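These notes are about the structure you will find just below.
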Amino acid sequence: MHTIAVLPGDGIGEEVVREGLRVLETVSALTGFKYKLEHYPYGAEHYLKTGETFPDSAVRAMKDHSAILLGAIGDPRVETGMLERAIIMGIRFGLDLYVNLRPIKLYAEHLCPLKGVTPSQLNMTVVRENTEGAYTGLGGIMKKDTDNEVAVCNMVWTRAGVERVTRYAFDLARERDGAKRVTLVDKANAIRPMDIWTRTFARVHEEYADIDTDHAYIDAACMWMIKNPDWFDVVVTDNLFGDIITDLGAMLQGGLGIAASGNIHPGKVSMFEPIHGSAPKYKGQNKACPVATVNAVLTMLNYLGDTEGADIIENAIASALRTKKIPSLSAGAVPTDKAGDILIEEIKAQAAAAG
Ligand code: IPM
Ligand code: MN
510 MHTIAVLPGD GIGEEVVREG LRVLETVSAL TGFKYKLEHY PYGAEHYLKT
560 GETFPDSAVR AMKDHSAILL GAIGDPRVET GMLERAIIMG IRFGLDLYVN
610 LRPIKLYAEH LCPLKGVTPS QLNMTVVREN TEGAYTGLGG IMKKDTDNEV
660 AVCNMVWTRA GVERVTRYAF DLARERDGAK RVTLVDKANA IRPMDIWTRT
710 FARVHEEYAD IDTDHAYIDA ACMWMIKNPD WFDVVVTDNL FGDIITDLGA
760 MLQGGLGIAA SGNIHPGKVS MFEPIHGSAP KYKGQNKACP VATVNAVLTM
810 LNYLGDTEGA DIIENAIASA LRTKKIPSLS AGAVPTDKAG DILIEEIKAQ
860 AAAAG
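Take a look at the structure:
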């Protein structure tokens with residue numbers, strides 16, 4: 510029995526998580542995946558009521574679950590980034606979820622803004638380092654709001670940190686069907702200390718002689734992702750660079766309405782979320798696209814070993830998009846609950862076809 514912590518969070522989080530959970534319920538009735546949900550209230554509403562963002566006790570509580578499903582965090586009534594840092598980064602750092610796994614997969618040609626790119630040409634996974642880089646909080650501001658103000662943000666990379674995420678990327682490439690290539694994306698030409706990535710990558714590669722490698726600086730990677738997206742299979746990169754290129758990747762696969770991520774520490778409780786934000790202007794309007802959250806559920810099932818359930822959900826998403834029952838991943842294209850209904854119908858149709 511798996512226990513899943515559910516944190517719907519802010520804005521559209523609640524609506525999209527509701528659909529994600531309906532899909533989970535439908536698919537687990539077919540596969541026999543057993544789970545129990547536990548809901549947590551953290552987010553803007555809870556903070557404004559209690560003054561609490563994400564207490565240590567919550568981090569401890571998360572450790573007692575198999576996985577965490579998170580909706581979205583962020584609210585205009587609260588200081589910019591405060592809740593995101595406390596909750597999203599609190600979970601990533603608090604549980605040492607060093608891999609941010611972001612699949613970028615095109616399910617239907619018409620969803621891609623690039624001309625002539627087919628689904629077989631766009632199927633990559635970005636492995637974003639998730640606990641170091643510019644996100645550690647090392648740094649600060651002095652003489653704030655004076656003419657002499659100084660702001661410092663350190664980018665931090667450790668040998669152990671770079672090595673473990675690189676190893677994860679190579680292991681992932683090994684499991685892939687077809688091409689098995691890991692591309693390192695860095696900026697070691699301009700940012701010389703980033704050469705720790707170059708050297709670590711080369712060292713780890715020695716243990717994976719069967720896997721091809723490639724390299725691109727982050728600026729060029731942005732160019733190649735547009736020009737030749739089929740060059741990429743598995744990409745491993747720094748935290749901030751991974752944050753940026755996965756928004757680009759989301760657009761290539763049709764929009765933020767589909768992109769999901771797994772925040773993973775192999776073998777430990779891990780967190781799954783859509784990569785979009787809380788989109789406060791759509792809150793409560795039944796307009797948000799729930800496909801990204803459903804995709805997060807799929808990524809979670811894969812992680813928990815229910816690959817059958819994950820495949821069923823993936824086929825349902827692919828079919829709903831190809832047939833244009835869900836014609837686009839933009840907000841308002843299909844009402845949130847209706848999109849959930851469509852995916853559930855697709856899942857039931859698959860089950861019926863399989864007899
Ligand atoms: C993401 C988000 C977060 C990040 C924010 C909300 C802190 O953009 O998950 O990609 O920068 O990692
Ligand atoms: Mn981001």
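Quick note: the sequence shown uses the numbering used here, first residue 510, plus one each step.
Glycine included, C-beta positions come from ideal geometry on N, C-alpha and C.
Note that the coordinates shown come from a computational prediction; the quantities given were computed from them, not determined experimentally.
1) Between the alpha carbons of Gly793 and Val659, how many angstroms are there, rounded?
2) Tell whether a beta-carbon distance below 9 Å holds between Asp695 and His724.
3) So, at 7 Å on beta carbons, what are the nonlocal neighbours of Ala827 in its own chain, with the 5 sequence-adjacent residues on each side left out?
4) By DSSP's criteria, Pro702 is part of a beta bridge. Which residues make up the other side?
5) How far does the alpha helix (DSSP H) with Arg601 in it extend, from its first residue to its last?
6) Cα separation between Leu620 and Ser837?
7) What does Ser566 pair with, by DSSP beta-bridge criteria?
8) Opposite Met633 in the DSSP bridges: which residues?
9) So within the segment 685-741, which uninterrupted alpha helix (DSSP H) runs reach at least 4 residues, ignoring any that extend past its ends?
10) Along the beta strand (DSSP E) that carries His511, what are the first and last residues, could you check?
11) Can you name the residues that DSSP bridges to Gly771?
12) Check whether the Cβ atoms of Ile513 and Leu546 sit closer than 9 Å, and answer yes or no.
13) Is there a Cβ from chain D that is less than 9 Å from the Cβ of His714?
14) Who are the near neighbours of Asn632 in its chain, counting only those whose CB is closer than 6 Å to its CB and skipping five residues on each side?
15) Determine the contact status of Gly580 and Leu516, defining contact as a CB-CB distance below 9 Å.
16) Measuring CB to CB, does Val525 end up less than 9 Å from Pro799?
17) In chain order, which continuous runs of the beta strand (DSSP E) of length 3 or greater are located wholly inside the segment 639-686?
18) Measure the Cβ-Cβ separation of Asn663 and Val635 and say whether it is below 9 Å.
19) Please determine whether the Cβ atom of Thr802 lies at a distance below 8 Å from any heavy atom of the ligand MN.
20) Based on the DSSP secondary-structure assignment, which residues constitute the bridge partners of Lys545?
21) Just to confirm, does Asp704 get its C-beta within under 8 Å of one of the non-hydrogen atoms of the ligand IPM?
22) Compare the Cα-Cα distances from Thr627 to each of Ala842, Arg831, Met703 and Val532 and report the closest residue.
23) Does the beta-carbon of Ile650 have 16 or more other beta-carbons within 10 angstroms, so that it is buried, or is it exposed?
24) Tell me the DSSP secondary structure of Thr589 in three-state form.
25) Roughly how many angstroms separate the alpha carbons of Ile753 and Arg611, rounded to a whole number?
26) Return the first residue and the last residue of the alpha helix (DSSP H) that Ile753 is part of.
27) Whole angstroms are fine: how far does the CA of Glu554 sit from the CA of Gln859?
28) By DSSP's criteria, Ala861 is part of a beta bridge. Which residues make up the other side?
29) If you draw a straight line from the alpha carbon of Ile577 to that of Tyr549, how long is it in whole angstroms?
30) Within its chain, find whatever has a CB closer than 6 Å to the CB of Ala842; leave out the 5 residues flanking it on each side and keep chain order.
31) Going by C-alpha distance, which of Lys572, Glu534, Gly552 and Leu606 is nearest Val588?
32) On a Cα-Cα basis, can you pick out the residue from Gly758, Ala861, Phe781 and Gly849 that is closest to His574?
33) Tell me which residues share the same chain as Phe563 and place their Cβ nearer than 6 Å to its Cβ, disregarding the 5 neighbours each side in the sequence.
34) Near Asp605, which residues of its chain fall below 7 Å by C-beta distance, leaving aside the five closest residues on each side in sequence?
35) Determine which residues share a DSSP beta bridge with Ala581 and list them.
36) Based on Cα-Cα distance, which residue from Asp654, Ala861 and Asp584 lies nearest to Gly522?
Reading from the atomic positions:
1) 41 Å
2) yes
3) Tyr616
4) DSSP, once it has assigned bridges, lists no residue as partnering Pro702.
5) It spans Gly599 to Gly603 - the alpha helix (DSSP H) in which Arg601 sits, taken as one unbroken run.
6) 7 Å
7) According to DSSP, Ser566 bridges with nothing at all.
8) Ile613
9) 704-714 and 727-736
10) Its beta strand (DSSP E) spans residues His511 to Gly518.
11) Leu610 and Phe781
12) Cβ distance < 9 Å, so Ile513 and Leu546 count as in contact.
13) Absent from the structure is chain D; it holds one protein chain and no more.
14) Lys614
15) yes
16) yes
17) Runs of the beta strand (DSSP E) inside the segment 639-686: 648-651 and 659-662.
18) no
19) no
20) Thr512
21) no
22) Arg831
23) exposed
24) In the three-state reduction of the DSSP assignment, Thr589 falls in the coil class, being assigned neither a helical nor a strand state.
25) 12 Å
26) Asn748 to Leu761
27) 39 Å
28) Answer is none; Ala861 lacks a bridge partner.
29) Approximately 10 Å, taken between the alpha carbons.
30) Pro836
31) The sequence given here places Glu at residue 588; Val does not occur at that position. Out of Lys572, Glu534, Gly552 and Leu606, Gly552 has the C-alpha closest to the C-alpha of Glu588.
32) Phe781
33) Tyr551, Ala595, Ile596 and Gly599
34) Result list for Asp605: Thr640 and His774, in chain order.
35) According to DSSP, Ala581 shares a beta bridge with Gly518.
36) Asp584
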